[in-house]
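Engineer:
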Amino acid sequence: MVGDAFEANWLDLREPVDSESRARPLERLLTQHLRGRERLEITDLGAGTGSNLRHLAPRLTDSRGVQQHWTLLDADTALLSDVPARTRSWAQARGYTVVDQNEGLEITGRAEAPFTLDIAPRQANLQADPLPVARADLVTASALLDLVSRDWLQAFAQRLWEIGAAALIALSYDGHIAWQPQVAGDEEVMRLVNQHQRGEKTFGTALGPDGGAVAAAELEAAGFELETAQTPWRLGPSDQALQQHLHAGWAAAASETAPHRAEAIRAWLERRIDLLESGQGQVTVGHLDVLALPPG
């Protein structure tokens with residue numbers, strides 16, 4: 004969400020927490036909407052190393068099972084190049100069958116029911132107009148909406164409506180951070196981080212913490228049926244590595260936003276790291292999941 008948010012190491016650290024935090028009721032509503040289709044065409048935007056697929060694919064099965072074709076789109080070829088190895092390890096750990104297939108994978112397994120995944124990583128410019136999604140039953144993404152602009156979201160909603168796809172957009176940061184215990188500087192850092200989040204990003208002037216709520220409003224205005232859910236991270240001392248990485252990123256973003264406060268922010272970070280290393284320190288980070296379903 005800040006700093007080196009697209010580092011593979013950061014994505015590894017957050018993947019299990021992301022999976023635990025996501026809104027299961029929205030996933031069940033989505034599965035009901037897709038029920039009865041023998042094959043699903045799914046496009047994952049800003050797919051990174053494939054964590055969204057690894058969480059969601061086993062949950063999109065009904066009692067008959069389903070074949071899923073996943074197209075993973077990202078501008079970062081380095082992250083996409085990690086998809087096959089990471090997804091192969093994930094599948095093999097669960098006893099799934101894995102077959103190499105050109106630049107992708109075919110995975111056969113069983114969760115609630117049997118499923119088959121065809122996985123195709125593809126480099127793509129997600130700023131393109133129209134969005135490079137030709138056909139899909141589902142367009143999904145994770146930790147994306149805080150990076151995009153209102154114009155991008157309006158074009159996204161229009162494209163979804165044109166192709167008749169559902170959307171599940173998970174884990175958009177909503178601007179709320181709560182620490183226990185509190186220390187001096189918490190409120191200032193949160194304010195500066197949120198200001199940084201609204202800066203100029205890859206997709207133009209980013210919506211930052213407002214991204215999830217704006218996406219829900221734009222999708223509803225386009226005609227979709229909307230459901231949202233709060234999906235906060237709840238991190239404790241056992242999440243020390245993730246917390247250290249997260250707090251360092253926050254401190255860097257806050258210092259970039261207010262360079263004259265860099266010394267105070269550095270002192271805040273030292274207090275936070277000291278707490279973590281002493282076995283203390285909890286933080287709740289707010290996120291929003293958004294589900295958009297075509298009517299009917």
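Numbering-wise (the numbering used here), the sequence shown opens with residue 4 and increments by one.
The beta carbon of each residue, even a glycine, is placed where N, CA and C say it ideally should be.
Any contact of the segment 180-193 with the segment 202-217, i.e. 3+ C-beta pairs under 8 Å?
Structural biologist: no
Engineer: Short check: CB of His-248 to CB of Leu-83, under 8 Å?
Structural biologist: Working through the sequence shown from its first residue, we reach residue 248 at position 245. Working through the sequence shown from its first residue, we reach residue 83 at position 80. Cβ distance not < 8 Å, so His-248 and Leu-83 don't count as in contact.
Engineer: Can you check DSSP and say which residues form a bridge with Val-288?
Structural biologist: Position 285 of the sequence shown, counted from the first residue, corresponds to residue 288. As computed with DSSP, Val-288 is found in a beta bridge with Ile-180, Trp-236.
Engineer: Which residues in the same chain as Ser-301 place their Cβ atom closer than 6 Å to its Cβ, once the five residues preceding and following it in sequence are excluded?
Structural biologist: Since the first residue of the chain shown is 4 and the last is 299, residue 301 is not available in this structure.
Engineer: Determine the burial state of Gly-299: buried for a count of at least 16 other Cβ atoms within 10 Å of its Cβ, exposed for fewer.
Structural biologist: Here residue 299 is taken as the residue at index 296 of the sequence shown, counted from 1. When all chains shown are included, Gly-299 counts as exposed.
Engineer: Just confirm the distance between the C-beta atoms of Leu-75 and Thr-143, as a whole number of angstroms; I'd bet it's less than 8 Å.
Structural biologist: Here the question's residue 75 lines up with position 72 in the sequence shown. Here the question's residue 143 lines up with position 140 in the sequence shown. With a Cβ gap of about 10 Å, Leu-75 and Thr-143 do not count as contacting.
Engineer: Between Asp-121 and Ala-270, what straight-line distance do the alpha-carbon atoms span, to the nearest angstrom?
Structural biologist: The count along the sequence shown starts at 1 and reaches residue 121 at position 118. The count along the sequence shown starts at 1 and reaches residue 270 at position 267. Rounded to the nearest angstrom, the two C-alpha atoms are 49 Å apart.
Engineer: For Ala-251, which option in Ala-131, Glu-273, Gln-126, Ala-170 has the closest C-alpha, if you only look at C-alpha atoms?
Structural biologist: Taking the first residue of the sequence shown as 1, we reach residue 251 at position 248. With distances taken between Cα atoms, Ala-251 lies closest to Glu-273.
Engineer: Going along the chain, which unbroken runs of the beta strand (DSSP E) with 3 or more residues stay wholly within the segment 89-153?
Structural biologist: Here the runs fully enclosed are 100-104, 107-113, 117-126, 141-145.
Engineer: Kindly give me the distance between the Cβ atoms of His-179 and Gly-289, rounded to whole angstroms, as I take these residues to be in contact under 8 Å.
Structural biologist: Here residue 179 refers to the residue found at position 176 when the sequence shown is read from its first residue. Here residue 289 refers to the residue found at position 286 when the sequence shown is read from its first residue. Rounded, the Cβ-Cβ distance is 3 Å, consistent with contact.
Engineer: Could you check the C-alpha separation between Ala-8 and Thr-119 for me, to the nearest Å?
Structural biologist: Sequence index remark: in the sequence shown, residue 8 carries index 5 (1-based). Sequence index remark: in the sequence shown, residue 119 carries index 116 (1-based). Residue confidence is low: Ala-8 scores 49 on pLDDT, short of 50, so the model does not pin down where it sits. Its coordinate-derived value is still stated next. Approximately 31 Å, taken between the alpha carbons.
Engineer: Mind checking which residues open and close the beta strand (DSSP E) that includes His-263?
Structural biologist: On the sequence shown, residue 263 is found 260 positions in, with the first residue counted as 1. Looking at the DSSP string, His-263 is not in any beta strand (DSSP E), and its letter there is neither H nor E.
Engineer: Taking Cβ to Cβ, would you say Gly-215 is nearer than 8 Å to Asp-177?
Structural biologist: Along the sequence shown, one-based indexing puts residue 215 at 212. Along the sequence shown, one-based indexing puts residue 177 at 174. Cβ distance < 8 Å, so Gly-215 and Asp-177 count as in contact.
Engineer: Quick check on the DSSP output: the alpha helix (DSSP H) that includes Arg-80 runs from which residue to which?
Structural biologist: Residue numbering aside, residue 80 sits at position 77 when the sequence shown is read from its first letter. For clarity, residue 80 is Thr in the given sequence; the question names Arg instead. Unbroken alpha helix (DSSP H) run through Thr-80: 80-84.
Engineer: Just reading off the alpha helix (DSSP H) that Arg-194 is part of, what are its end residues?
Structural biologist: Taking the first residue of the sequence shown as position 1, residue 194 is located at position 191. Residues 189-200.
Engineer: Flag this pair as yes or no: are the beta carbons of Asn-55 and Ser-145 separated by less than 8 Å?
Structural biologist: Here the question's residue 55 lines up with position 52 in the sequence shown. Here the question's residue 145 lines up with position 142 in the sequence shown. Against a cut-off of 8 Å, the Cβ pair of Ser-145 and Asn-55 comes out as a contact.
Engineer: Go ahead and label Asn-105 buried or exposed: buried means 16 or more other beta carbons lie within 10 angstroms of its beta carbon, across all protein chains shown.
Structural biologist: Along the sequence shown, read from residue 1 onward, the residue named residue 105 stands at position 102. Result: exposed.
Engineer: Taking the Cβ atom as the reference point for each residue, do Ala-218 and Leu-148 lie within a distance shorter than 8 Å?
Structural biologist: Along the sequence shown, one-based indexing puts residue 218 at 215. Along the sequence shown, one-based indexing puts residue 148 at 145. Cβ distance < 8 Å, so Ala-218 and Leu-148 count as in contact.
Engineer: Using only alpha-carbon positions, find the residue among Gly-98, Thr-90, Ala-137, Glu-115 that is nearest to Gly-107.
Structural biologist: The residue labelled residue 107 in the question sits at position 104 within the sequence shown. When only C-alpha atoms are compared, the closest one is Thr-90.
Engineer: In whole angstroms, what separates the C-alpha of Ala-169 from that of Thr-100?
Structural biologist: Taking the first residue of the sequence shown as position 1, residue 169 is located at position 166. Taking the first residue of the sequence shown as position 1, residue 100 is located at position 97. If I take the Cα positions, the gap works out to 28 Å.
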